[in-house]
Amino acid sequence: MSISLPMCAVDFTDATLSDEEQAIAQRITELKTILGEDLLILGHHYQRDSIVMHADFLGDSFMLSQKAAASTAKHIVFCGVHFMAESADILTSDEQNVVLPNLRAGCSMADMATLNEVEAAWDEILLESGLKDPINRENPEQPAAKDASYLVPVTYMNSSADLKDFVGRHGGVVCTSSNAEGVLNWAFERAGQNGAVLFFPDQHLGRNTGMAMGISTDRMPTWTPGIGAMGELKGARIVLWHGFCSVHKRFTPSQIHEFRSEYPDGLVVVHPECPRETVELADANGSTQYIHRYVEGLPSGSAVAIGTEINMVARLAREHPDKHIECLDDEICPCSTMYMIHPAYLMDVLERLVDGEVPNQISVPPSVQEGSLLALNRMLAILK
Ligand code: SF4
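With the first letter of the sequence shown counted as 1, position 357 gets the number 358 in the working numbering; the numbers rise by one all the way through.
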């Protein structure tokens, strides 16, 4: 479920907006009216309020990719980071444009895995593990041979389009934090009883999901480019890329102990990009959509500490004044790249769209379209 935001969500008298921000908000609304049905604005949960107030839909990367895929709008303005806009471009038609208000808005985790690194790792892991590549040029929807053991690549949505293409071409699939377990089940079925998954770029999501599925840590070695495997590749079930999210790795067990000493009945919910020790100690973990539902479901008067990006936590606190909601890390800063989407940039791209330009267009090269679309569509089909 994504959150649909009606136009009336815009409040120009919001005391938290400066005069300049109110003027920008007013202009964005005028531009939205001019562009009408030609425009769809998608906003990620980690965006600031002065962006979210203009979004037609607010959601996580999976939900927003579904919204992009279902949209017929000519211009899709993605208020998120680069890999999300790439996925939207892959899932939309050639007649639609995907625009990222600030081209510098990337994701440090996505940058931790490059195609060259993954290709090199792929060859080495196949060699060392004795597993086969599941590529099947005759029928991409079936493994190459029955009763063999394969290495199946699974990439988190937070990765570049060329990696999604790699995954699609090698019989693998994309996942998000909403669907990682379902996707891994699919991948294990394809890999065979003694096969394995190469999961990138986030080691924590891979490890936390694997552990929730009953896989022991000794069967989940970590792979670091230039260093190789930490742990045994033979018999591995998931080979975890070494990447991590610089925001979520800040949440620690000691923060949970501190919160519980102050709120003995309080609850802790964290994102699965957090380290394993933190996830194990929390009361619950899940995607941003899951965290939304979790907080909504708590009775009035509950105290909850949340381990995810601060913009979302602050918004939840305002939406639920009857509950005590705080960020698990009281010194945490917002995701610095999500924060690069400023309302002035949003206004600028809308002005230029009205003028007939297509600024800051995210265009995935045709050479990587086919494989990445295959990998994304496999994910969407698994979840149907
Ligand atoms: S919160 Fe972490 S994973 Fe999400 S965009 Fe920011 S750096 Fe990337």
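Glycine included, C-beta positions come from ideal geometry on N, C-alpha and C.
message: In the DSSP output, which residue or residues are listed as bridge partners for F1?
response: In the structure displayed, the chain extends from 2 to 385; residue 1 sits before or after that span and is not available.
- prompt: For N159, is the beta carbon positioned less than 8 Å from some heavy atom of the ligand SF4?
  reply: Yes; taking the cut-off as 8 Å, the Cβ of N159 has a heavy atom of the ligand SF4 nearer than that.
query: E327 by DSSP, collapsed to three states: which one?
result: Looking at E327 - three-state DSSP - the assignment turns out to be strand.
field: Through-space distance from G172 to M212, alpha-carbon basis
entry: Answer to the nearest angstrom: the Cα atoms are 24 Å apart.
- prompt: Are the beta-carbon atoms of A69 and F79 separated by less than 9 Å?
  reply: With respect to F79, A69 sits close: the two C-beta atoms are nearer than 9 Å.
task: Output the boundary residues of the alpha helix (DSSP H) element that contains P344.
output: Per DSSP, the continuous alpha helix (DSSP H) segment holding P344 begins and ends at 344-355.
message: Measuring only from the beta carbon, is S88 closer than 8 Å to any heavy atom that is part of the ligand SF4?
response: With a cutoff of 8 Å, S88 does not count as near the ligand SF4, since its C-beta is closer than that to no heavy atom of the ligand.
- request: Note the first and the last residue of the continuous beta strand (DSSP E) segment covering G196.
  value: Unbroken run through G196: none, as it is neither H nor E.
message: Whole angstroms are fine: how far does the CA of D148 sit from the CA of H46?
response: Each residue's alpha carbon lies about 43 Å from the other.
- request: Measure the C-alpha to C-alpha separation of I383 and Q23 and round it to an integer number of angstroms.
  value: Rounded to the nearest whole angstrom, the C-alpha separation of I383 and Q23 is 43 Å.
message: Is it buried or exposed, E332, if we count other Cβ atoms within 10 angstroms and call 16 or more buried?
response: With fewer than 16 other Cβ atoms within 10 Å, it is exposed.
Straight-line Cα distance separating Q97 from K75: Each residue's alpha carbon lies about 5 Å from the other.
message: In the DSSP output, which residue or residues are listed as bridge partners for P154?
response: In the DSSP output, where bridge partners are listed per residue, P154 has L199.
field: Check: A111 C-beta below 8 Å from any heavy atom of the ligand SF4
entry: Yes, the beta carbon of A111 sits closer than 8 Å to at least one heavy atom of the ligand SF4.
- request: Report all residues from its chain with a CB closer than 7 Å to the CB of L116; omit the five preceding and five following residues, and keep chain order.
  value: Closer than 7 Å at the Cβ level, and outside the excluded window around L116, lie D163, L164, F167.
message: Looking only at its chain, what residues have a beta carbon closer than 6 Å to the beta carbon of H55, apart from the 5 residues adjacent to it on each side?
response: The answer, listed in chain order, is I29, I42.
- request: Can you give me the Cβ contacts of V175 inside the same chain, cut-off strictly under 7 Å, excluding the 5 residues immediately before and after it?
  value: Counting only Cβ-Cβ distances below 7 Å, and skipping sequence neighbours, we find T156, M158, K165, V168, A376, L377, M380.
- prompt: What whole-angstrom Cβ distance do S94 and S66 have, given they're in contact under 8 Å?
  reply: That belief does not hold up - the Cβ atoms of S94 and S66 are roughly 15 Å apart, past 8 Å.
message: Within a Cβ cutoff of 7 Å, which residues of the same chain sit near I86, ignoring the five residues on either side of it in sequence?
response: With the sequence shown as reference, residue 86 is identified as Ala, and Ile is not the correct amino acid for it. Within the same chain, F79, V99, L101, I363 come within 7 Å of A86 by CB-CB distance, once the 5 residues on both sides are set aside.
DSSP-derived helix/strand/coil call for Q97: If DSSP states are grouped into helix, strand and coil, Q97 belongs with coil.
Per-residue DSSP class, three states only, for L6: Model confidence at L6 stands at a pLDDT of 41, short of 50, so the residue's coordinates are unreliable; what they give is reported in the following sentence. In the displayed model, L6 falls within coil according to three-state DSSP, outside both helix and strand.
- request: Would you decide whether R319 is buried or exposed? Buried here means 16 or more other CB atoms lie within 10 Å of its CB.
  value: Classification of R319: exposed, given that the 10 Å Cβ count is below 16.
message: Going by DSSP, what residue range makes up the beta strand (DSSP E) through I307?
response: From DSSP, the beta strand (DSSP E) with I307 extends over 304-308.
- prompt: Starting from T34 and walking both ways along the alpha helix (DSSP H), at which residues does that stretch end?
  reply: Its alpha helix (DSSP H) spans residues 20-36.
- request: Keeping to the same chain, check which residues put their C-beta closer than 6 Å to that of S373; ignore five residues upstream and five downstream.
  value: Contacts found: I91, A162, K165, D166, G169.
- prompt: Hey, does D61 have any beta-carbon neighbour from chain D nearer than 9 Å?
  reply: Of the chains in the structure shown, none is chain D; there is only one protein chain.
- request: State yes or no: is the C-beta of Y47 nearer than 8 Å to some heavy atom of the ligand GTP?
  value: For the ligand GTP, the structure offers nothing, since it holds only the ligand SF4.
message: Is it buried or exposed, V301, if we count other Cβ atoms within 10 angstroms and call 16 or more buried?
response: Residue identity differs from the one stated: residue 301 is Ser in this sequence, not Val. Counting Cβ neighbours within 10 Å, S301 comes out exposed, since fewer than 16 surround it.
- prompt: In three-state DSSP terms, what is H321?
  reply: It is coil, neither helix nor strand.
field: Selected residue, minimal CA-CA separation from E120, among R105, L152, A106, G107
entry: With distances taken between CA atoms, E120 lies nearest to L152 out of R105, L152, A106, G107.
message: Report the CB separation of E274 from H205 in whole angstroms; it is logged as a contact under 8 Å.
response: Yes, they are in contact, since the Cβ atoms of E274 and H205 sit about 5 Å apart, within 8 Å.
message: Distance check for R49 and E38, CA to CA, integer angstroms please.
response: Roughly 24 Å separates the two Cα atoms.
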